[in-house]
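The structure under discussion appears below in the form of structure tokens.
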Amino acid sequence: MKNAWRRWITTVNLAAIALMPTLIFLAFSHRATADDPGACYMITSSGKTVGLGRICGNIIAAPSDNRVFRVSIKRRFGGTPVIDVTFNDKKTFEMIVDTGASGTIITQDMANTLKLQATGTMQAQIADGSEVKFSTSKVKSIAVGGVTANNLQVAIAPKASIGLLGHDFFGNYDIKILEKEVEFHHR
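Residue numbers for the sequence shown follow the numbering used here, beginning at 64 and rising by one.
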């Protein structure tokens with residue numbers, strides 16, 4: 064019985080020794096990596112990132128590319144980036160970069176500071192699906208980093224606490240939201 068016990072322990076030790084290199088290899092060969100999908104990608108409904116480089120031509124903008132503008136994220140509002148936006152070359156306000164908004168919305172305080180008068184009204188559908196009516200006005204310019212849009216109509220939301228920078232401003236740009244910056248890639 065004593066010999067059987069020794070043989071069993073020897074066999075188990077030899078098996079463990081033989082298995083050790085394989086276990087070490089497996090432990091180090093399956094590291095998690097974070098791949099940058101580049102500027103052209105989509106996220107599926109299951110949360111998987113799919114690179115679309117073949118469709119977009121795998122364009123990667125160099126930091127010195129004057130067709131790419133970077134803007135620092137000041138903070139986040141509900142996880143969404145807030146950046147500085149300058150109106151009419153004079154006044155700067157914090158605004159949310161809202162990639163889902165078709166138009167730019169400013170607060171009543173912003174409209175008052177810019178001395179804007181309502182020039183019209185518009186109906187808009189908001190995120191919850193309901194329709195709301197906004198006063199509208201025109202601004203001479205909206206600028207973020209190296210991107211400027213001129214003569215834009217903006218909606219004035221009297222109850223909003225912060226403005227939304229919408230697609231009417233960055234419609235000619237692909238937006239890439241990074242941890243500390245928003246990149247505007249000219250199309």
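For glycine and all other residues, C-beta sits at the position ideal for the given N, C-alpha and C.
Tell me the rounded alpha-carbon separation between ALA181 and LYS222. 16 Å
Kindly indicate which residue of ASP191, LYS243 and PHE233 has the alpha-carbon position closest to the one of ARG130. PHE233
Let's see if you can read the secondary structure: which residues bound the alpha helix (DSSP H) around THR184? Element bounds for THR184: not the alpha helix (DSSP H) but the beta strand (DSSP E), 183-188.
Does the segment 160-176 come close enough to the segment 215-229 to have 3 or more Cβ pairs within less than 8 Å? yes
Nearest-angstrom Cα distance between GLY163 and ASP152? 26 Å
Taking the continuous alpha helix (DSSP H) assigned at GLN171, which residues delimit it? 171-176
Where in the segment 189-230 do unbroken runs of the alpha helix (DSSP H), each at least 4 residues long, occur, reported from the N-terminal end onward? none
Starting from the C-beta of LYS154, find all residues in its chain whose C-beta is less than 7 Å away, skip the five residues before and the five after it, and write them out in chain order. THR176 and LEU177
Excluding five sequence neighbours on each side, which residues of the same chain lie with their C-beta closer than 8 Å to the C-beta of GLY229? ASP161, ALA164, SER165, GLY166, THR167 and ILE168
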